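J.:
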Amino acid sequence: MILSKEEIIEKYPNGNYKYIETRAVISRMWIAQYPNHRVADDGTLWIRIGVNKKFKPDGSLAWEIKYDDCGNVVK
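Final position of the sequence shown in this note's numbering is 1038; the numbers increase by one with none missing.
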């Protein structure tokens, strides 16, 4: 079960986007549903969801990876 979502955005010094990612915090009770989960330093369990993008310093897209609502890569 997803408890909350957070969008992580990093920018280059010139103001262009560097990285965009959406993380979802998940409940420990539902950990079996999310085999690709990560554990934060504070013990919080999270997964990547949606589209995660990495950009070059000039603002062009370097790569993107799509994740489903369970944190699995969508092919």
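Idealized CB from N, CA, C, for every residue including glycine. The model shown is predicted, which means the values in this text are computed figures rather than measured ones.
Please return the same chain residues whose Cβ sits closer than 8 Å to the Cβ of Lys968, not counting the five positions on each side in sequence.
T.: As a first step, residue 968 must be located in the sequence shown, where it is residue number 5. Here the set comprises Thr985, Arg986, Ala987, Val988 and Ile1012.
J.: Going straight from the alpha carbon of Tyr1030 to that of Ile971, what length do you get?
T.: Walking along the sequence shown from the start, residue 1030 turns up at place 67. Walking along the sequence shown from the start, residue 971 turns up at place 8. If I take the Cα positions, the gap works out to 15 Å.
J.: How would you label Gly1022, buried or exposed, when you count the other beta carbons within 10 angstroms and need 16 or more for buried?
T.: Reading the sequence shown from its first residue, position 59 is the one you call residue 1022. When all chains shown are included, Gly1022 counts as exposed.
J.: By how many angstroms is the C-alpha of Lys1016 removed from the C-alpha of Ala1003?
T.: Mapped onto the sequence shown, residue 1003 falls at position 40. Mapped onto the sequence shown, residue 1016 falls at position 53. Rounded to whole angstroms, Ala1003 to Lys1016 spans 21 Å at the Cα level.
J.: Using the DSSP secondary-structure output, state which residues sit across from Val988 in a beta bridge.
T.: Along the sequence shown, one-based indexing puts residue 988 at 25. According to DSSP, which records beta bridges pairwise, Val988 is partnered with Ser967 and Trp1009.
J.: From Lys1038 to Tyr997, what does the alpha carbon distance come to, in whole angstroms?
T.: As a first step, residue 1038 is located in the sequence shown; it is residue number 75 there, counting from the start. As a first step, residue 997 is located in the sequence shown; it is residue number 34 there, counting from the start. Rounded to the nearest angstrom, the two C-alpha atoms are 17 Å apart.
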